[in-house]
Amino acid sequence: PPSAAEPAALAERRKTRQLMVGPVGVGSDHPISVQSMTTTVTSDVNSTLQQIAELTASGCDIVRVACPTGDDAEALPAIARKSQIPVIADIHFQPKYVFAAIEAGCAAVRVNPGNIKKFDDKVGEIAQAAKEHGTPVRIGVNAGSLDKRLLQKHGKATPEALAESALWEASLFAEHDFHDLKISVKHNDPVVMIRAYELLAESCDYPLHLGVTEAGPAFQGTVKSAVAFGALLRQGIGDTIRVSLSAPPAEEAKVGGQILQSLGLRPRKLEIVSCPSCGRAQVDVYKLADEVTAGLEGMEVPLRVAVMGCVVNGPGEAREADLGVASGNGKGQIFVKGEVIKTVPESKIVETLIDEAMKIAEDLEPG
Ligand code: SF4
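What follows is the structure, given as structure tokens:
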């Protein structure tokens, strides 16, 4: 059978250059990493570090912090030093903060060429400083701040315009013999975004950071991002991902991790197989599934738990999972590794499943 890391259904990863964002390898030789961005005022070092700790616990691999002011730039050394995961400084408008971030020991800098005045003239200096410190640069093109020249040429932020903007800036870095680049071309429309990344993937071998920008509140943003990333990851395109949600960043990291787990691109941890319930359900499946999910949250071992409402598909799914319940007549048959170990009343299903999950987890290595 295919391994979890290379499911047969996905195309091989697009071959890219490799780079290191702190200790995290980025590119086709490395696992796809999940990013998010803090929402605290960066200069509030304690709050920012607190949020980074929450992100780390939520499965985030790399964090980005905004750097709009001199106070934020001054906070970067402490944040970069104390963060558990590599910190990327996100710079718009002020090239001086690019240099400050590099000096501060940030693991990378993200620049948006579309809103840094005369960016092209500064590429040489940025390349020089980044080279001296071994700092990779992300060229982060965004539909909302596309380079005016490209906007005039293409009329709007088309896939071609987004890709051309990023490739132009990358070529300027290449002229200075700087290639430690990662590229993103974000758009709020998954259809435009997918095409832009496909164009980039055909035209360069830089690692790509995927994102649907301004994707919206949690529900819409999750769906948009999952669909767009799925379409690209299916083709082997994408080396880092960020789910943008109008929701706390830890949610972004969880959704990002779940997208990768769903495609088998990150080891699966807890997986709840629960039925949607229907007129045949003889227990409250929603409640059971929610309570089991909450009770097992944070479990670090691969564990498949089936929560099924009746005997139609219940015994089959419960038998296939590590652990499961098939319900009927207000009772639950508890399955462990395919065998019925006991039958308990509905009120005891959740606690029995959690107890049994804990026993199985003790025998499993973290996934
Ligand atoms: Fe309905 Fe039973 Fe299937 Fe759940 S397992 S959806 S209750 S038929």
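All the letters of the sequence shown, read from the start, carry residue numbers 4 to 370 under the UniProt record's numbering. In this text, a Cβ means the ideal position worked out from N, Cα and C, and glycines have one as well.
1) Am I right that Ile82 and Val27 are in contact with their C-beta atoms under 8 Å? What's the rounded C-beta distance?
2) Where are the alpha helix (DSSP H) runs, 4 residues long or more, that stay fully inside the stretch 77 to 127, in chain order?
3) Would you say the beta carbon of Asn332 comes nearer than 7 Å to a heavy atom of ligand 1?
4) From Trp171, Ala364, Asp208, pick the residue whose C-alpha is nearest to that of Arg152; which is it?
5) Tell me which residues share the same chain as Ala86 and place their Cβ nearer than 6 Å to its Cβ, disregarding the 5 neighbours each side in the sequence.
6) How is the alpha helix (DSSP H) around Thr59 delimited, first residue to last?
7) Return yes when the C-beta of Asn316 is under 7 Å from any heavy atom of ligand 1, and no when it is not.
8) Would you mind sorting Met40 into buried or exposed? The rule is 16 or more other CB atoms within 10 Å of its CB.
9) When DSSP labels each residue in this structure, what does Gln223 get in the three-state scheme?
10) Out of Val246, Ile91, Ala297, state which residue places its alpha-carbon closest to the alpha-carbon of Leu356.
11) Checking 8 Å against the spacing of the C-beta atoms, do Ala132 and Ile105 come in under that value?
12) When you compare each of Val315, Asp293, Asn316, Asp366 to Glu354 by their alpha carbons, which one comes out closest?
13) Does DSSP put Val68 in a helix, a strand or coil?
14) Which same chain residues end up closer than 7 Å to Ser36 when comparing Cβ atoms and leaving out the 5 residues on each side of it in sequence?
15) For the UniProt domain "IspG C-terminal" (274 to 360), list the alpha helix (DSSP H) runs that are entirely contained and at least 4 residues long, ordered along the chain.
16) Using three-state DSSP, classify Lys18 as helix, strand or coil.
17) Taking Cβ to Cβ, would you say Val112 is nearer than 8 Å to Leu184?
18) Below 8 Å on the Cβ atoms is my contact criterion, and I expect Ala146 with Asn191 to pass it. Report the Cβ-Cβ distance as a whole number of Å.
19) How about Ala231 and Ile186: do their beta carbons lie closer than 8 Å?
20) Can you tell which of Thr161, Ile142, Ala60 has its C-alpha closest to the C-alpha of Asn118?
21) Does the stretch 236 to 255 come into contact with the stretch 272 to 284, if we say contact requires no fewer than three beta-carbon pairs (one atom in each stretch) closer than 8 Å?
22) Taking DSSP's pairing of strands, which residues face Val29 in a bridge?
23) Am I right that Leu165 and Ala199 are in contact with their C-beta atoms under 8 Å? What's the rounded C-beta distance?
24) Leaving out the 5 sequence neighbours to the left and right, which residues in its chain are closer than 7 Å to Ala364 when beta-carbon positions are compared?
25) Based on the DSSP secondary-structure assignment, which residues constitute the bridge partners of Val245?
26) Buried or exposed for Ala367, please, with buried defined as at least 16 other CB atoms from any protein chain shown within 10 angstroms of its CB.
Once the coordinates are examined:
1) Not confirmed; about 16 Å, so no contact.
2) 98 to 106
3) no
4) Trp171
5) Correcting the residue type first, residue 86 is Ser in the shown sequence and not Ala. These residues qualify, in order along the chain: Ile55.
6) 48 to 60
7) Checking the Cβ of Asn316 against ligand 1 gives yes.
8) buried
9) helix
10) The option with the nearest alpha carbon to Leu356 is Ala297.
11) Yes, the pair counts as a contact, with Cβ atoms nearer than the cut-off.
12) Asp293
13) Here Val68 sits in strand by DSSP.
14) Taken in chain order, the residues that qualify are Val27, Val29, Asp64, Ile65, Thr243.
15) 288 to 298, 317 to 323
16) coil
17) Cβ atoms of Val112 and Leu184: not closer than 8 Å.
18) Confirmed, about 7 Å.
19) no
20) Ile142
21) no
22) Leu22
23) 4 Å
24) Met302, Val304, Leu306
25) Here the sequence assigns Arg to residue 245, which means Val is not the residue at that position. For Arg245, which the question treats as bridged, DSSP gives the partners Gln38, Gly214.
26) The sequence given here places Leu at residue 367; Ala does not occur at that position. Leu367 should be labelled exposed.
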